[in-house]
């Protein structure tokens, strides 16, 4: 069974540039998460979906970040105008159902903003 | 405010020793605590988890001890192996979020010396 797939694996931007990250969750998983993991920190939840619906995006910097999951499968996270403080690894994860089921993480996209 | 705290930040043990990683939390509503293992360049992977109704959970060489009154838990890795060298994250979630909103600590970097 394929795991959570993310692309690209790496991105280097100048401040002000835009970037999109793509995630393909495990087939059949209805819940998809985007986490931000700064260097030497734990993952921090940005947004999560159940199917195509946003369940919680309260930690997403809405002025520059957006996330969609239009068909309840793949998802895209976009940063409109990157800042140096956005430098981090962006992790996508997926799970099936609720109640403490295992959450599977992708390998992440390492973003550097210079 | 950091909801989940981990200590030590880094830990070095000899092969065969028991490594003890500590975690504490703030929110009394948290009742599900997974531990994740992360290798460089990889996403976190679920190692072992515990619900607050239990005070101990074992899985092979890995044991979680949980103290609800003190809001503390620890991960014990017995007979540590060089392959256990990784960063370990304690996370917490609550039933009222469907166990889908996880708060992660900053992690403990474990090095096992052969």
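Residue numbers (my numbering), protein chains in the order written: chain P, 971 to 1084; chain R, 406 to 519.
No residue lacks a Cβ here, since even glycine has one placed at the ideal position from N, Cα and C.
Nonlocal neighbours in the same chain, by C-beta distance under 6 Å from residue i, ignoring five residues either side
i: residue 1027 of chain P; result: 1017
i: residue 454 of chain R; result: 439
i: residue 427 of chain R; result: 412, 479
i: residue 1036 of chain P; result: 1048
i: residue 977 of chain P; result: 992
i: residue 1021 of chain P; result: 1000, 1042
i: residue 1029 of chain P; result: 1015, 1016
i: residue 431 of chain R; result: 408
i: residue 473 of chain R; result: 457
Cβ-Cβ distance between residue i and residue j below 8 Å
i: residue 470 of chain R; j: residue 479 of chain R; result: yes
i: residue 1058 of chain P; j: residue 1075 of chain P; result: no
i: residue 1013 of chain P; j: residue 509 of chain R; result: yes
i: residue 507 of chain R; j: residue 443 of chain R; result: no
i: residue 468 of chain R; j: residue 461 of chain R; result: yes
i: residue 1019 of chain P; j: residue 1045 of chain P; result: yes
i: residue 416 of chain R; j: residue 513 of chain R; result: yes
i: residue 1002 of chain P; j: residue 1039 of chain P; result: yes
Limits of the beta strand (DSSP E) - the one that residue i falls within
i: residue 1001 of chain P; result: 1001-1007
i: residue 467 of chain R; result: 467-472
i: residue 477 of chain R; result: 477-482
i: residue 517 of chain R; result: 513-518
i: residue 427 of chain R; result: 424-430
i: residue 444 of chain R; result: That residue, residue 444 of chain R, is in no beta strand (DSSP E); it is neither H nor E in DSSP.
i: residue 450 of chain R; result: 450-456
i: residue 464 of chain R; result: 461-464
i: residue 1043 of chain P; result: Careful: residue 1043 of chain P lies outside any beta strand (DSSP E) and carries neither H nor E.
i: residue 415 of chain R; result: 415-419
i: residue 1083 of chain P; result: 1079-1083
Residues near residue i by beta carbon distance below 7 Å, same chain, minus five either side
i: residue 447 of chain R; result: none
i: residue 490 of chain R; result: 515, 516, 517
i: residue 487 of chain R; result: 420, 517, 519
i: residue 1024 of chain P; result: 1017
i: residue 1056 of chain P; result: 1049, 1081, 1083
i: residue 482 of chain R; result: 423, 424, 466, 467, 489
Residue i (DSSP reduced to helix, strand or coil)
i: residue 439 of chain R; result: strand
i: residue 1021 of chain P; result: coil
i: residue 1054 of chain P; result: helix
i: residue 994 of chain P; result: strand
i: residue 489 of chain R; result: helix
i: residue 501 of chain R; result: helix
i: residue 1094 of chain P; result: Summary: the structure shown does not reach residue 1094 of chain P, with chain P confined to residues 971 through 1084, and so no result is reported for it.
i: residue 409 of chain R; result: strand
i: residue 972 of chain P; result: coil
i: residue 1014 of chain P; result: strand
i: residue 433 of chain R; result: coil
i: residue 1073 of chain P; result: coil
i: residue 1066 of chain P; result: coil
i: residue 1030 of chain P; result: coil
Residues near residue i in its chain [Cβ-Cβ closer than 8 Å; skip 5 each side]
i: residue 501 of chain R; result: 434
i: residue 1007 of chain P; result: 1013, 1014, 1058, 1059, 1060, 1061, 1078
Outcome for residue i when other beta-carbon atoms lying within 10 angstroms are tallied against a minimum of 16
i: residue 1060 of chain P; result: buried
i: residue 974 of chain P; result: buried
i: residue 484 of chain R; result: exposed
i: residue 456 of chain R; result: exposed
i: residue 1082 of chain P; result: exposed
i: residue 496 of chain R; result: buried
i: residue 492 of chain R; result: buried
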